[in-house]
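Colleague: Sharing a structure here in structure tokens format.
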Amino acid sequence: LVNLNTRWETIQLSGRGSQPELTQHEDWTQDSTWQTAFFDLGALVRAKYPEGELKVEQLLLAEAGSPNGLDYALDNVAVFGPQPARELAASWTAYDASGIAGGGAALQAGLGGGEPPAADGAGDGWRGAAAEAGVHLLRVRVRDGAGQAGGEARRVVVTP
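Count the sequence shown with the numbering used here and you get residues 239 to 398, in order.
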């Protein structure tokens, strides 16, 4: 989902959406393996709205059910293209009764490895900034109310 000039648009992965679509991705192979999809958001938006100012308010991932009995997961999603600023934020939400006991995030230059961030910070999010322009890796990890650390979420960010 992308909130564009206060209007919601989708890049539909499967099923039938109720929101206006920028495009629909139909090249999935149903074989229970990880798959990759790339979308040039700027080109998709300009194809539908060729003129005028475009302001992306929000960009988020959503899974709204599986009407055909299929399931899928979205992970390691990369958003490419210059971000409007070097300031970044990450937030986490609990989807079950155990809640979130802590979380942490780290921003590093380049796409190299390193240790996952500690998941012991207080609050429901993280804010930081890239020191310089370029490609960065934002890594986020949380710990649930039962004390179990979750998997690490990674996002590629390009800053101007």
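Beta carbons: idealized from backbone N, C-alpha and C, even for Gly.
Does DSSP put Arg365 in a helix, in a strand, or in coil?
Modeller: Start at 1 with the first residue of the sequence shown, and residue 365 comes out as number 127. Strand.
Colleague: Is the stretch 327 to 346 close to the stretch 279 to 292, with three or more CB pairs under 8 Å?
Modeller: Verdict: no, contact absent.
Colleague: Buried or exposed: which applies to Glu247, given that a residue is buried once 16 or more other Cβ atoms fall within 10 Å of its Cβ?
Modeller: Position 9 of the sequence shown holds residue 247. Buried: at least 16 other Cβ atoms inside 10 Å.
Colleague: What residues match up with Glu325 in a beta bridge as DSSP calls it?
Modeller: Working through the sequence shown from its first residue, we reach residue 325 at position 87. For Glu325, which the question treats as bridged, DSSP gives the partners Ala367.
Colleague: Comparing alpha-carbon positions, which option in Arg377, Val283, Ala339, Gly341 lies nearest Gly486?
Modeller: With the chain represented from 239 up to 398, any question about residue 486 goes unanswered, as that position is not in the structure.
Colleague: State the start and end residues of the unbroken alpha helix (DSSP H) segment that holds Gly280.
Modeller: Indexing the sequence shown from 1 puts residue 280 at position 42. Run containing Gly280: 279 to 286, per the alpha helix (DSSP H) assignment.
Colleague: So, Gly341 versus Gly383, is the Cβ gap smaller than 8 Å?
Modeller: As a working mapping, residue 341 is identified with position 103 in the sequence shown. As a working mapping, residue 383 is identified with position 145 in the sequence shown. No, the pair does not count as a contact, with Cβ atoms beyond the cut-off.
Colleague: Sorted by chain position, which residues of the same chain lie with C-beta nearer than 6 Å to Ala368's C-beta, five sequence neighbours on each side aside?
Modeller: Position 130 of the sequence shown, counted from the start, is the residue given in the question as residue 368. Taken in chain order, the residues that qualify are Arg324, His374, Thr397.
Colleague: Which value, in whole angstroms, describes the spacing of the CA atoms of Ala344 and Val380?
Modeller: Residue mapping note: residue 344 aligns to position 106 of the sequence shown, counting from 1. Residue mapping note: residue 380 aligns to position 142 of the sequence shown, counting from 1. One C-alpha to the other measures close to 12 Å.
Colleague: Could you check how far apart the C-beta atoms of Leu349 and Val283 are, in whole angstroms? I think they sit under 8 Å.
Modeller: Working through the sequence shown from its first residue, we reach residue 349 at position 111. Working through the sequence shown from its first residue, we reach residue 283 at position 45. The pair is not a contact, with the Cβ atoms about 26 Å apart (cut-off 8 Å).
Colleague: For Ala311, which residues from the same chain have a beta carbon less than 6 Å from its beta carbon, with the 5 sequence-adjacent residues on both sides left out?
Modeller: Counting from one through the sequence shown, the residue named residue 311 turns up at place 73. Bear in mind that the predicted position of Ala311 carries a pLDDT of just 49, short of 50, making it too unreliable to give a figure here.
Colleague: State buried or exposed for Leu242, treating a residue as buried only when at least 16 other CB atoms are found within 10 Å of its CB.
Modeller: The residue labelled residue 242 in the question sits at position 4 within the sequence shown. Leu242 comes out buried.
Colleague: Consult DSSP for Asp358 and reduce its assignment to one of helix, strand or coil.
Modeller: By 1-based counting over the sequence shown, the position of residue 358 is 120. Coil.
Colleague: From which residue to which residue does the beta strand (DSSP E) around Gln346 run?
Modeller: The count along the sequence shown starts at 1 and reaches residue 346 at position 108. Gln346 -> beta strand (DSSP E) spans 338 to 347.
Colleague: Classify Thr244 as helix, strand or coil using the three-state DSSP reduction.
Modeller: As a first step, residue 244 must be located in the sequence shown, where it is residue number 6. Here Thr244 sits in coil by DSSP.
Colleague: With DSSP collapsed to three states, give me the class of Leu308.
Modeller: Here the question's residue 308 lines up with position 70 in the sequence shown. Confidence in Leu308 is poor, its pLDDT being 46 and thus under 50, which makes the residue's placement unreliable; the coordinate value appears in the next sentence. Of the three classes helix, strand and coil, the one that applies to Leu308 here is coil, per DSSP.
Colleague: Beta-carbon within less than 6 Å of Gln346's beta-carbon, same chain only, minus the 5 sequence neighbours each way: which residues are those?
Modeller: In the sequence shown, residue 346 corresponds to position 108, counting from 1. Contacts found: Leu375.
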